[in-house]
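Colleague: First to last, the protein sequences are chains A, B, C and D. For the first sequence, the residue numbers in our numbering are 3 to 325. For the second sequence, the residue numbers in our numbering are 3 to 325. For the third sequence, the residue numbers in our numbering are -10 to 328. For the fourth sequence, the residue numbers in our numbering are -10 to 328. All C-beta atoms in this analysis are idealised placements derived from N, C-alpha and C, irrespective of residue type, glycine included. One structure, pasted below without further comment.
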Amino acid sequence: MAVMTHAEALVEAIRECMDEDPNVALVWGSLMGVGGNNEHVEHIKEDFADRIFHPPISEAAIAAIATGAAMDGVRTIFPMGTASFMFRAWDQIIHEAGEAHYMSNGAVSVPAVFHVVHGLRGGGSVQHSQSPQSMLWNAPGIEIAMPSCPADAKGLMRTAIKSNNPTVFIDYQKLNKRSGEVPDGTYDIPFGVADIKRQGADITIVAASLQVVHSLEAAEVLSGEGIEAEIVDLRSLVPLDEEAILSSVGKTGRLVVVDEAPPRCSVASEVIATVAEKGMDLLKVPPVRVNRLPVHVPANVALEDFIGPNTDRIVEAAKQLCS
Amino acid sequence: MAVMTHAEALVEAIRECMDEDPNVALVWGSLMGVGGNNEHVEHIKEDFADRIFHPPISEAAIAAIATGAAMDGVRTIFPMGTASFMFRAWDQIIHEAGEAHYMSNGAVSVPAVFHVVHGLRGGGSVQHSQSPQSMLWNAPGIEIAMPSCPADAKGLMRTAIKSNNPTVFIDYQKLNKRSGEVPDGTYDIPFGVADIKRQGADITIVAASLQVVHSLEAAEVLSGEGIEAEIVDLRSLVPLDEEAILSSVGKTGRLVVVDEAPPRCSVASEVIATVAEKGMDLLKVPPVRVNRLPVHVPANVALEDFIGPNTDRIVEAAKQLCS
Amino acid sequence: MDKLRLLDIFRQMMLIRRFEEAVYDFHEQKLFGGHYHLYIGQEATGAAVMASLRSEDRVFSTHRNHGHAIARGVDPKNALAEILNRVDGTNGGRGGTFHLASADAGMPHTSALVGGAVPLAAGAGFAAKLQKSGGIGVSMFGDGCFEEGVVFETLNLALLWKLPVIFVCENNTPGAILKSQGGNNTSNLPEGRVIQIPQALGMECHEVDGGDAVAVDELFADCATRVRATGHPVFIEALTERWPGNYFSFPSMVTGLTQVSMAWDGSAISGEHEDWFKTHGPVLRFARDLIVNGVGTFGDIVGIDVDVTETITSAKEFALSSPLPETDSVYSHLLAGES
Amino acid sequence: MDKLRLLDIFRQMMLIRRFEEAVYDFHEQKLFGGHYHLYIGQEATGAAVMASLRSEDRVFSTHRNHGHAIARGVDPKNALAEILNRVDGTNGGRGGTFHLASADAGMPHTSALVGGAVPLAAGAGFAAKLQKSGGIGVSMFGDGCFEEGVVFETLNLALLWKLPVIFVCENNTPGAILKSQGGNNTSNLPEGRVIQIPQALGMECHEVDGGDAVAVDELFADCATRVRATGHPVFIEALTERWPGNYFSFPSMVTGLTQVSMAWDGSAISGEHEDWFKTHGPVLRFARDLIVNGVGTFGDIVGIDVDVTETITSAKEFALSSPLPETDSVYSHLLAGES
Ligand SMILES: Cc1ncc(C[n+]2csc(CCOP(=O)(O)OP(=O)(O)O)c2C)c(N)n1
Ligand SMILES: Cc1ncc(C[n+]2csc(CCOP(=O)(O)OP(=O)(O)O)c2C)c(N)n1
Ligand SMILES: [Mg+2]
Ligand SMILES: [Mg+2]
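Here's what the structure looks like:
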């Protein structure tokens, strides 16, 4: 196993798929956000120049062009940059990409990948910090992947590119520079299979993307206080591994869901509602959400940390449930 | 009390506010959807010609123009027609209208009203049947009203126009022709105050907009079988009357939430998550969501009924909980 | 002048007209719900455009799509079944009037959102370019689309990325019913001239009388050849007089069922819509031209009408006898499986 | 020629320049997070535009807003405090560099989304029209905005609804760093000429050298008068040579701190950026013009620089000593109360 960064793993997946399949195209967007790491992408540029398209600032049209091309089997990866920009293409992603397969009764499919960097990025302020995952999950017909580590980033990106559905790949700029072991060779990680990133018998913490990192940190702290947390990394929201969530809650009887989005109608709401409906009896105590606070994102990095679902808040929530 | 239709009550509210306040403007959009009733709006047109603007098909720019004008105190009502069209203005509503007050630290406010007709409208098919309420609720800074009857339509619309916040008024074409008693004179219905549309001791049904009508129908059926349902009409999602929900559940111990949106991260998810977090002990049995099925909306009206949260499905869910 | 080609275009136009009359009839009988739009008055454009297309080309359409689907070769049986939301419909009954499409026929998708299909067609051009298929993307859209910013973005992108796409704007605002009479809210551009937008971007632009099948055919065939060769986009504005029955949301058959004999028997024409029958209605106009120019005889015209009427009659029966989808079918095809 | 007016415009330009140097310094010291943009190189446009505005006018800006805020009259103290996210900032520290705005100063809102503020400014025109305030909306935006459809929609709406708005497109692509060197992705229009878009819509359009303060002032003053009188929108494209330090996301002070003496002492100029100092940098250029035309003396120029440098020095101190907002403040002003 090689050790590489999240950014490197992501680019490796894209490179492999572009090598394997001449139908994979890449829009030259902001794959790594504004925090550097673009050197990794530069290499793809040289190797696949004729399948790389430099975009104007036209999120809506490009998302729809990727959608139309996908109907003919072209798999376009469109890195939209900051997830906030995706709202400019909301109609095209929800209504065209997300509905075409159903609307055509299965005759056409839309294998496009919309890549975004979401969440609190350190000074992104009010308009550069969106977490669109809950809004997207409310729209049927779209797959959603959210990797938390380099190995998953690679395997999930490969699956996203090969998937015949429109996939929103919700990435995190703060993960880009983090390193981790990545299996050798090519491998896909199927959507819908959560990964138990840590075993524990006392409490279940469900999370995705950067919040898995925070949850693992929290688990260490909790372990010091005698609480063993089980971390369920969802990896994909659509499809969802309900099984993994319920079986972990069945084991621990306690549930914290950590989610970047503001609380109302969030991923955390959904996981809790699912458990309440299908496994209320498993719960020894009421479940708890740890979301971004229900406010906008102030520019200041300290306040940003305060509103975010951070390690401290996870620890606190878990301790309360276990007390 | 006069008896009038939902459509008439809505137009009366708009007319009163335009009379009372020269800063109220109206974009000449599709207030009533495509199901008729536009004669009511015609009258306003004559009386306030200089404050009525005929729009091109430019949802995004108009939403933002209404937002910019609102910063100077102009209260524009922008009927966007079918709620699906709102996704074209998603960025403008979430990022500009919804964030300006916070971002300016309270210096500017955005008293604009975005009116849409949502839901299964009878042949709207895949792209004309959106229920955007859950996605919107995930975005902080936006008020959301959803009337279920003429009296509420009037009082809530008056509040929407007078509110200093951007308000999305989520209406329903199928309500337009329904009649009801409307109090005489001018009156406002504050946001954040749910209305118990029916008292009952056995089960709580939380709903909004047309689903209140379905729930009331279901309650009649249930009553025939000895189950007395309490119907909590939310009337506004933002702010939410959590108090009313929890106190009804405290009384009945059983909860069904009826919601037009697809289930994942929906209004129903949110209500259930809220009750699970804050009142799990009140629940005698696990709560149940009755949502639109998690699919797109087929053109056929019979299939549309099948996927919708209809009276039968509410009755069935309630009976199961009470058995 | 290729007589067979012209008669074939006329046949498509006649087929579209009889198809639309059938749709109207079905709606009058309340056999399908919701509002809908007819292509009457624009037949010449759709039929002539499709005449130059090949299987590797891709057409994307709008809420006013029936004529495009028929001319593209979708079987009227399946198209009518779709409008009645039956299992044998082009979309298995799910799309209905708003979404007629058929990947097999080279018309993968139809968006009911104003301007929605314009970038999708550019996407087909993108695919053709990448796959070197030799195909082109064709976007059929209304003049109202120019009010939506995404259409502007798409024109820009097609030029920047050199995509083989033909943008066919069917401008039916000339003769439009006034907004005060419930008319559609189209061509709300201050100059009222949509062609100036792609022109300003430097796109090759053409204007054509959209009611003149021959003119559209010649122009489009020429453009298609060039777009295939150069890979660069082209814009065509087809101006058509709006059919008087084209009201907002619900059409009205104010001009009655088509009588082809009006093409040679002027005495049958009278009343409020005289001008429509004599000058604008593209089916009668083309019938008249075909006869005058010796391309076809009365007999040919009548023969074609009898033929297509029969096609539509049996298509109606087919559609009516096709079953509604099972309720359980709503779950299928939400997500695609593996390839 | 109004000497005082010109010197005042120069003062604003100098103030903006020193302000931006302070921002750069703060960022180098890691006193604020995230990426940011400077207005260096575009001072002439911002300062000259604001010179004609009144309190009833409304300015809306973009991610590159610092210069607009300063020239509009926002106190540099509060602007710098905002960039450091302190309580005394224009937005209470919440907006940061992306969102400097001040309703009191007639600059209600700044959007960091490309093209986001363009329709908001049209909204201010809408309000002015409705309220007959006599004010105008002014949208300051970059050439990249033309790639976003909503900007096209807005131009169309401003014409259709006859809104008193002046659209000022600051085109800083001339001389732009190549994309391969990390340059911004702007002016991706095939013809590269943004002015052709509003022209095609029939809007009154003007082009001006955005590095020439006098030219911008004369043009804008004239337009403002006309827009106030007619209520119709006007478009201005201000072309400016891009400042060499204007890289993507993070600027770099490649041209060093400004030495006004370069305006009269050419011997101080050398090296890679000679052309910038001699021809393009608007501050030096205007200083040179003022002297040549006898509007101001060396002494005036130096005096102004000393003055504004002092203003900025104390603004820096003020900003640095302003406290960070309390964490609990994040809950406030999510929703407005009653009026
Ligand atoms: C995004 C969006 N906004 C509004 C509508 C409602 N609508 C349907 S058709 C139409 C007019 C379209 O005009 P045009 O494009 O010229 O087509 P025509 O009907 O004239 O053929 C409108 C506004 C829609 N379908 N989609
Ligand atoms: C909707 C949206 N998409 C992308 C971005 C990222 N972005 C920030 S500045 C910029 C370039 C803007 O160019 P221009 O408008 O010419 O302004 P300039 O920076 O040249 O002054 C881009 C693409 C954004 N802020 N908003
Ligand atoms: Mg039209
Ligand atoms: Mg620029």
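From the DSSP output, in three-state form, read off R291/B for me.
Modeller: What you label residue 291/B is simply residue 289 of the second sequence in a count that begins at 1. Three-state result, R291/B: strand.
Colleague: Residues of chain A with a CB under 7 Å from the CB of G234/C: which are they?
Modeller: For the purposes of this step, residue 234/C is taken as residue 245 along the third sequence, with counting starting at 1. Simply none; closest approach about 27 Å.
Colleague: Report the partner residues of G83/B according to the DSSP bridge assignment.
Modeller: Taking the first residue of the second sequence as position 1, residue 83/B is located at position 81. Answer is V118/B.
Colleague: May I ask you to list the residues that DSSP assigns as paired with H52/C?
Modeller: For the purposes of this step, residue 52/C is identified with residue 63 of the third sequence, where counting begins at 1. DSSP output for H52/C lists no bridge partner at all.
Colleague: For Y320/D, count neighbouring Cβ atoms within 10 angstroms of its own Cβ and tell me buried if that reaches 16, exposed if not.
Modeller: The sequence position of residue 320/D within the fourth sequence is 331, counting from 1. The residue in question, Y320/D, is exposed, as its Cβ has fewer than 16 Cβ neighbours within 10 Å.
Colleague: Report buried or exposed for T175/C, applying the criterion of at least 16 other Cβ atoms within 10 angstroms of its Cβ.
Modeller: By one-based count along the third sequence, residue 175/C stands at place 186. Residue confidence for T175/C is low, a pLDDT of 48 falling below 50, so the modelled location carries little weight; the figure read from the coordinates is stated next. It counts as buried.
Colleague: Could you work out which residues of chain D lie near I54/B, taking near to mean beta carbons separated by less than 8 Å?
Modeller: The sequence position of residue 54/B within the second sequence is 52, counting from 1. Ordered by position in chain D, no residue passes the 8 Å Cβ test against I54/B, which lies about 11 Å from the chain.
Colleague: Which residue's Cα is closest to the Cα of T313/A: Y104/A, I207/A and W92/A?
Modeller: Along the first sequence, read from residue 1 onward, the residue named residue 313/A stands at position 311. Proximity to T313/A across Y104/A, I207/A and W92/A peaks at I207/A, based on C-alpha coordinates.
Colleague: Tell me the DSSP secondary structure of F224/C in three-state form.
Modeller: Along the third sequence, read from residue 1 onward, the residue named residue 224/C stands at position 235. Strand.
Colleague: In terms of alpha-carbon separation, which member of F87/C, H24/C, E137/C and P314/C lies closest to A304/B?
Modeller: The residue given as residue 304/B occupies position 302 in the second sequence. Per the Cα distances, P314/C.
Colleague: Evaluate N25/A with the Cβ neighbour count: other Cβ atoms within 10 Å of its Cβ, from every protein chain shown; 16 or more gives buried, anything less gives exposed.
Modeller: The sequence position of residue 25/A within the first sequence is 23, counting from 1. Buried, because 16 or more other Cβ atoms sit within 10 Å of the Cβ of N25/A.
Colleague: Under the assumption that D132/C contacts V197/C (Cβ atoms under 8 Å), give the Cβ distance between them as a whole number of angstroms.
Modeller: Position 143 of the third sequence holds residue 132/C. Position 208 of the third sequence holds residue 197/C. About 14 Å; that fails the 8 Å criterion.
Colleague: Which ranges does the alpha helix (DSSP H) cover as unbroken runs of at least 4 residues, wholly within the stretch 29 to 89 of chain A, from first to last along the chain?
Modeller: 40 to 49 and 61 to 72
Colleague: Q129/B: buried (16+ other C-beta within 10 angstroms of its C-beta) or exposed?
Modeller: In the second sequence, the residue the question calls residue 129/B occupies position 127. Result: buried.
Colleague: Just checking: is the beta-carbon of E105/D within a distance shorter than 9 Å of some beta-carbon in chain C?
Modeller: Numbered from its first residue, the fourth sequence carries residue 105/D at position 116. Note that residue 105/D corresponds to Gly in the displayed sequence, not to Glu. No - not a single Cβ of chain C is within 9 Å of the one on G105/D.
Colleague: Compute every distance between the C-beta of C151/B and the non-hydrogen atoms of ligand 2, then say whether any falls below 8 Å.
Modeller: Your numbering for residue 151/B matches position 149 in the second sequence. Taking non-hydrogen atoms of ligand 2 into account, the C-beta of C151/B is found less than 8 Å away from none of them.
Colleague: Confirm, please, whether the CB-CB distance from G194/A to P241/A is below 9 Å.
Modeller: Here residue 241/A is taken as the residue at index 239 of the first sequence, counted from 1. Here residue 194/A is taken as the residue at index 192 of the first sequence, counted from 1. Yes, these two residues count as a Cβ contact at 9 Å.
Colleague: Between which two residues does the alpha helix (DSSP H) containing M105/B stretch?
Modeller: For the purposes of this step, residue 105/B is identified with residue 103 of the second sequence, where counting begins at 1. Note, M105/B: alpha helix (DSSP H), A102 to M105.
Colleague: Could you please tell me which residues of the stretch 123 to 147 of chain A, in chain order, have their CB closer than 9 Å to any CB of chain D?
Modeller: Contact annotation: in the stretch 123 to 147 of chain A, residues whose CB is within less than 9 Å of a CB in chain D are R123, G124, G125, G126, S127, V128, Q129 and H130.
Colleague: Whole angstroms is fine: what's the gap from G123/D's alpha carbon to D254/D's?
Modeller: Against the fourth sequence, residue 123/D aligns to sequence position 134. Against the fourth sequence, residue 254/D aligns to sequence position 265. Distance between the alpha carbons of G123/D and D254/D is about 46 Å.
Colleague: Along the chain, where does the beta strand (DSSP E) containing A231/B start, and where does it finish?
Modeller: The sequence position of residue 231/B within the second sequence is 229, counting from 1. Note, A231/B: beta strand (DSSP E), A231 to D235.
Colleague: At what residues does the beta strand (DSSP E) containing D154/B begin and finish?
Modeller: Numbered from 1 along the second sequence, position 152 holds the residue referred to as residue 154/B. Going by DSSP, D154/B is part of no beta strand (DSSP E) but of the alpha helix (DSSP H) stretching over P152 to K164.
Colleague: Would you check whether ligand 1 has a heavy atom nearer than 8 Å to the C-beta of E196/C?
Modeller: Locating residue 196/C in the third sequence gives position 207, where the first residue counts as 1. Not under cutoff, so the answer is no.
Colleague: Closer than 7 Å between beta carbons: that is the criterion. Which residues of the stretch 128 to 143 of chain C meet it against chain A?
Modeller: Listed by position, the residues of the stretch 128 to 143 of chain C near chain A (Cβ gap below 7 Å) are V139, E142 and T143.
Colleague: Determine whether the Cβ of P240/D lies closer than 9 Å to any Cβ atom of chain A.
Modeller: Position 251 of the fourth sequence holds residue 240/D. By this cut-off, P240/D is not an interface position.
Colleague: Can you grab the Cα-Cα spacing for the pair G114/D / G100/B, in whole Å?
Modeller: To locate residue 114/D, count along the fourth sequence from 1; it is residue 125. To locate residue 100/B, count along the second sequence from 1; it is residue 98. Each residue's Cα considered, the two are about 20 Å apart.
Colleague: Hey, is S32/B close to ligand 1, as in C-beta under 8 Å from one of its heavy atoms?
Modeller: For the purposes of this step, residue 32/B is taken as the residue at position 30 of the second sequence. Answer for S32/B: yes, Cβ within range of ligand 1.
Colleague: Any beta carbon of chain A sitting closer than 9 Å to that of Y320/D?
Modeller: Residue 320/D sits at position 331 when you count from the first residue of the fourth sequence. By this cut-off, Y320/D is an interface position.
Colleague: Whose CA, out of I96/B, S133/B, A62/B and T78/B, lies closest to the CA of P264/A?
Modeller: Taking the first sequence and counting its residues from 1, the one referred to as residue 264/A is at position 262. Taking only the C-alpha atoms, the option nearest P264/A is I96/B.
Colleague: Tell me whether the beta-carbon of T143/D lies closer than 9 Å to the beta-carbon of I79/B.
Modeller: As a working mapping, residue 143/D is identified with position 154 in the fourth sequence. As a working mapping, residue 79/B is identified with position 77 in the second sequence. It is not a contact, given that the beta carbons lie outside the stated cut-off.
Colleague: Where F15/D and I59/D are concerned, what is the direct C-alpha to C-alpha distance, given to the nearest angstrom?
Modeller: Within the fourth sequence, the letter at position 26 stands for residue 15/D. Within the fourth sequence, the letter at position 70 stands for residue 59/D. For F15/D and I59/D, the distance between alpha carbons rounds to 17 Å.
Colleague: Starting from S60/B, find everything on chain C with Cβ-Cβ shorter than 9 Å and list it in chain order.
Modeller: Along the second sequence, read from residue 1 onward, the residue named residue 60/B stands at position 58. Ordered by position in chain C, the residues that pass the 9 Å Cβ test against S60/B are E136, E137, G138 and N177.
Colleague: Could you check whether the Cβ of L190/C sits closer than 9 Å to any Cβ belonging to chain D?
Modeller: Along the third sequence, read from residue 1 onward, the residue named residue 190/C stands at position 201. At least one chain D Cβ lies under 9 Å of L190/C.
Colleague: Give a yes or no on whether the minimum CB-CB distance between N312/A and chain D is below 9 Å.
Modeller: Within the first sequence, numbered from 1, the residue matching residue 312/A stands at position 310. Chain D, which has no Cβ nearer than 9 Å to the Cβ of N312/A, makes this no.
Colleague: H57/C by DSSP, collapsed to three states: which one?
Modeller: Along the third sequence, one-based indexing puts residue 57/C at 68. Residue state, collapsed to three classes: helix.
Colleague: D77/C and S318/C - do their beta-carbons sit closer together than 9 Å?
Modeller: Walking along the third sequence from the start, residue 318/C turns up at place 329. Walking along the third sequence from the start, residue 77/C turns up at place 88. Contact flag unset, no.
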